[in-house]
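Protein chains: 2
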Amino acid sequence: MLNRLGEQTIVFTNKPRVLGSCSIVGPKEGKGNFGKYFHKVLGDDLFGEDSYEKAESKMMQFAITEAIQDAKITKNDIDILFAGDLMNQITSSSFAARTLQVPYIGLFGACSTMAESLIMGSVYVDGGFAKYVACATGSHFSSAEKQFRYPLELGTQRPPSSQWTVTGTGCSILGCGESPISIVSATIGKVVDWAVNDVNNMGAAMAPAAMSTLKAHLDDTGKKPEDYDLILTGDLGKLGSEILMDLMEYNGYKIGNNYSDCGQMMFTSTQKTFMGGSGCGCGASILNSYVYDRLRTGELKNVLFIATGALMSTVSSQQGNSIPGIAHAVEFCYGGKKDV
Amino acid sequence: MLNRLGEQTIVFTNKPRVLGSCSIVGPKEGKGNFGKYFHKVLGDDLFGEDSYEKAESKMMQFAITEAIQDAKITKNDIDILFAGDLMNQITSSSFAARTLQVPYIGLFGACSTMAESLIMGSVYVDGGFAKYVACATGSHFSSAEKQFRYPLELGTQRPPSSQWTVTGTGCSILGCGESPISIVSATIGKVVDWAVNDVNNMGAAMAPAAMSTLKAHLDDTGKKPEDYDLILTGDLGKLGSEILMDLMEYNGYKIGNNYSDCGQMMFTSTQKTFMGGSGCGCGASILNSYVYDRLRTGELKNVLFIATGALMSTVSSQQGNSIPGIAHAVEFCYGGKKDV
Numbered sequence: 116m117l118n119r120l121g122e123q124t125i126v127f128t129n130k131p132r133v134l135g136s137c138s139i140v141g142p143k144e145g146k147g148n149f150g151k152y153f154h155k156v157l158g159d160d161l162f163g164e165d166s167y168e169k170a171e172s173k174m175m176q177f178a179i180t181e182a183i184q185d186a187k188i189t190k191n192d193i194d195i196l197f198a199g200d201l202m203n204q205i206t207s208s209s210f211a212a213r214t215l216q217v218p219y220i221g222l223f224g225a226c227s228t229m230a231e232s233l234i235m236g237s238v239y240v241d242g243g244f245a246k247y248v249a250c251a252t253g254s255h256f257s258s259a260e261k262q263f264r265y266p267l268e269l270g271t272q273r274p275p276s277s278q279w280t281v282t283g284t285g286c287s288i289l290g291c292g293e294s295p296i297s298i299v300s301a302t303i304g305k306v307v308d309w310a311v312n313d314v315n316n317m318g319a320a321m322a323p324a325a326m327s328t329l330k331a332h333l334d335d336t337g338k339k340p341e342d343y344d345l346i347l348t349g350d351l352g353k354l355g356s357e358i359l360m361d362l363m364e365y366n367g368y369k370i371g372n373n374y375s376d377c378g379q380m381m382f383t384s385t386q387k388t389f390m391g392g393s394g395c396g397c398g399a400s401i402l403n404s405y406v407y408d409r410l411r412t413g414e415l416k417n418v419l420f421i422a423t424g425a426l427m428s429t430v431s432s433q434q435g436n437s438i439p440g441i442a443h444a445v446e447f448c449y450g451g452k453k454d455v
Numbered sequence: 116m117l118n119r120l121g122e123q124t125i126v127f128t129n130k131p132r133v134l135g136s137c138s139i140v141g142p143k144e145g146k147g148n149f150g151k152y153f154h155k156v157l158g159d160d161l162f163g164e165d166s167y168e169k170a171e172s173k174m175m176q177f178a179i180t181e182a183i184q185d186a187k188i189t190k191n192d193i194d195i196l197f198a199g200d201l202m203n204q205i206t207s208s209s210f211a212a213r214t215l216q217v218p219y220i221g222l223f224g225a226c227s228t229m230a231e232s233l234i235m236g237s238v239y240v241d242g243g244f245a246k247y248v249a250c251a252t253g254s255h256f257s258s259a260e261k262q263f264r265y266p267l268e269l270g271t272q273r274p275p276s277s278q279w280t281v282t283g284t285g286c287s288i289l290g291c292g293e294s295p296i297s298i299v300s301a302t303i304g305k306v307v308d309w310a311v312n313d314v315n316n317m318g319a320a321m322a323p324a325a326m327s328t329l330k331a332h333l334d335d336t337g338k339k340p341e342d343y344d345l346i347l348t349g350d351l352g353k354l355g356s357e358i359l360m361d362l363m364e365y366n367g368y369k370i371g372n373n374y375s376d377c378g379q380m381m382f383t384s385t386q387k388t389f390m391g392g393s394g395c396g397c398g399a400s401i402l403n404s405y406v407y408d409r410l411r412t413g414e415l416k417n418v419l420f421i422a423t424g425a426l427m428s429t430v431s432s433q434q435g436n437s438i439p440g441i442a443h444a445v446e447f448c449y450g451g452k453k454d455v
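Chains as they are written, first to last, in my numbering: chain A, 116 to 455; chain B, 116 to 455.
Okay, here's the thing in structure tokens:
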């Protein structure tokens, strides 16, 4: 029997549970709209380390460790850690995995990694290949700017279409056990490239991928946008989420009423982030705090989380390539059976 | 029921099959020890492209397309492509996925990616989350040298402990169907770091990870090294594989008789590669040609393939970090049931 619906969607018959979570963010994110919901807000975005890369890895380690505690299990119970990040060769994740000493699968889906890791984790738990898994991702403004754009010290002016990489990490523990949050289905995205080549306009580059995956999810499951309390994208930002709404309307779906984007919501209007937040940690930190809090109480009952990623590198852009996007979707619901 | 043995090993109850494969390599590899076994040897390592990065991505695309043909299915039958490579943000894989237009999960395990992708694919097929999957990885000497070491034009002298990144790609198609090659079990590695910080000695950095995973596999399954016709590591090279044999002997296991390393075997002694081949494509190209050929005929009946990866980046090394290693193991066997 195949646990699939349509072309791209997986259905979880045993409904893996979200047993614990943690989000940790930097000072700027702490002053944003979700500051009071995050589990930890750093006063110093170096987190006591001597480089932003080391700080990013330490945040990952912190989030995973705290999420394990939140799930009331121990590190030794974790069968597999699924993690990835934006750094070249995902060193933030790998160095965190080095410290944690649990079996580790490295992922790269750019800013789609929170959804990607949750899909991997759900499949392993649902199929009986793991009892408990940790799914984590994060990003850091300063390490990302330095790697993808300009040295911070240059003080380069930012164009109006740009977004601000979130300094934040999120981790979810999935497994068997009691929890009101179930993972019901997941839709794995295809790479979509509409020839956007402006590296300062990630929202436009990723919106077609979000449209593709959301449309595939609705086609595969036979659901309508209004069947969800919340459709939440990871980091399309203001412009990208407007493009997604337009593209969905063009395809015959109106998603305005129950649709939000973590990038658009992360910062306040006075924080000068132009189109809002971006990065793996943007969706990851909000999902693992605010959204799960509302799924735990039943305030939200059906949530479709769609994390989008831009799959370019500085080299691919310098060689004249456009920016390919991808989006993966995870469907959460409130309630479920006690045992997986 | 949990499909697990011990701490790190997964057991596949339905035994996913290897239905098709392809390997493609560069000119130097074609002149090496396995030249006649590879499916395609390029005359020009640019493969008609204007950059090595684009050539690497085109090789990935070629291997996946040919492997799908070899499996006698079509691109539309592929439920998920699992792929990764060494390039920053794994652009070789993502750009190949852009052309192929199949649901895509990006992985990063450095040179362990062939085993990592096979494990992901096996879990999806075994658990009924996919009917057919493609598992691919590759590397390119010129793109890797440029990214990790020095500009090729410098003609920098290579130290004796160094290895030569293989220009090569391999792809396996897994799924339901008839095939004499089954995947029986897999062991997911932990990150192991014994404080090696010489980026010209990857074999030494990765050997402890290979030891850790091989030991975990034997402990978990209760098997002995002599239960395998072949234990094959991906790219430890001459020095690394000697270190692995020493480490295993220290742990009470003698693996000399049935143990080989793809990196050590790839090139002839006159090809001046010092410790031999390395890179994702090293193990991937030999596994997907020579090894599968022998598993298909029953000449090899039990093969344990262990791909090892070094999880550093240029930035992590520049910041004084040592080189963390990881190894994942996949157990193949000849014969099996017809249906998954």
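Quick reminder that beta carbons are idealized off the backbone N, C-alpha and C, glycines included.
Fair warning: this is a prediction, and the values are worked out from it, not measured in the lab.
At least 8 Å separates the CB of residue 278 (chain A) from every CB of chain B. Contacts between residue 203 (chain B) and chain A, judged by CB atoms closer than 8 Å, involve 203, 204, 428, 429, 430 in chain order. According to the DSSP assignment, residue 241 (chain B) belongs to the alpha helix (DSSP H) that extends over 228-241. Under the Cβ criterion of 8 Å, residue 119 (chain A) is counted among the residues facing chain B.
The C-beta separation of residue 175 (chain A) from residue 162 (chain A) comes to about 11 Å, leaving the pair out of contact by the 8 Å criterion. Exclusion of the five residues before and after residue 415 (chain A) leaves 344, 345, 409 as the residues of its chain whose Cβ lies within less than 6 Å of its Cβ. In the assembly as shown, residue 351 (chain A) is a buried residue. Its beta-carbon has 16 or more other beta-carbons within 10 Å. DSSP lists B:297, B:417 as the beta-bridge partner residues of residue 448 (chain B). At a beta-carbon threshold of 8 Å, none of the residues of chain A lie near residue 321 (chain B); the nearest stands roughly 13 Å away.
A Cβ-Cβ contact shorter than 8 Å links residue 142 (chain B) with residue 157 (chain B).
Listed as beta-bridge partners of residue 393 (chain B) by DSSP are B:280. Using a CB distance below 7 Å, the part of the stretch 307-337 of chain B facing chain A consists of 308, ordered along the chain. In terms of Cβ geometry, residue 326 (chain A) and residue 353 (chain A) do not form a close pair [threshold 8 Å].
When DSSP assignments are scanned along the stretch 150-221 of chain B, the uninterrupted stretches of beta strand (DSSP E) that are 3 or more residues long and fall wholly within it turn out to be 195-200, 219-221. The beta carbon of residue 164 (chain B) sits closer than 7 Å to those of 170, 173, all from its chain and outside the five residues before and after it, given in chain order. Secondary structure of residue 344 (chain B) (DSSP, three-state): coil. Against chain A, the CB of residue 218 (chain B) has a partner CB under 8 Å away; the residue lies at that interface. Within chain B, the residues whose beta carbon sits less than 8 Å from that of residue 222 (chain A) are 220, 221, 222, 223, listed in sequence order. Chain order gives no chain B residues near residue 184 (chain A), where near means a beta carbon separation below 7 Å; the closest approach is about 20 Å.
In terms of Cα proximity to residue 395 (chain A), the closest of A:184, A:194, A:181, A:232 is A:232. Among the CB atoms of chain B, one or more fall inside 8 Å of the CB of residue 195 (chain A).
Under the Cβ criterion of 8 Å, residue 123 (chain B) is counted among the residues facing chain A. According to DSSP, residue 135 (chain A) shares a beta bridge with A:288. Rounded to the nearest whole angstrom, the CA to CA distance from residue 306 (chain A) to residue 205 (chain B) is 13 Å. Annotated three-state conformation of residue 145 (chain B) is helix, per DSSP. Taking 8 Å as the threshold, the shortest C-beta distance from residue 439 (chain A) to chain B falls below it. Residue 244 (chain A) is not a Cβ neighbour of residue 282 (chain A), given a cutoff of 8 Å. Taken atom to atom, the span from the alpha-carbon of residue 449 (chain A) to that of residue 388 (chain B) is near 58 Å. The stretch 178-190 of chain B and the stretch 236-252 of chain B touch, with three or more beta-carbon pairs separated by less than 8 Å.
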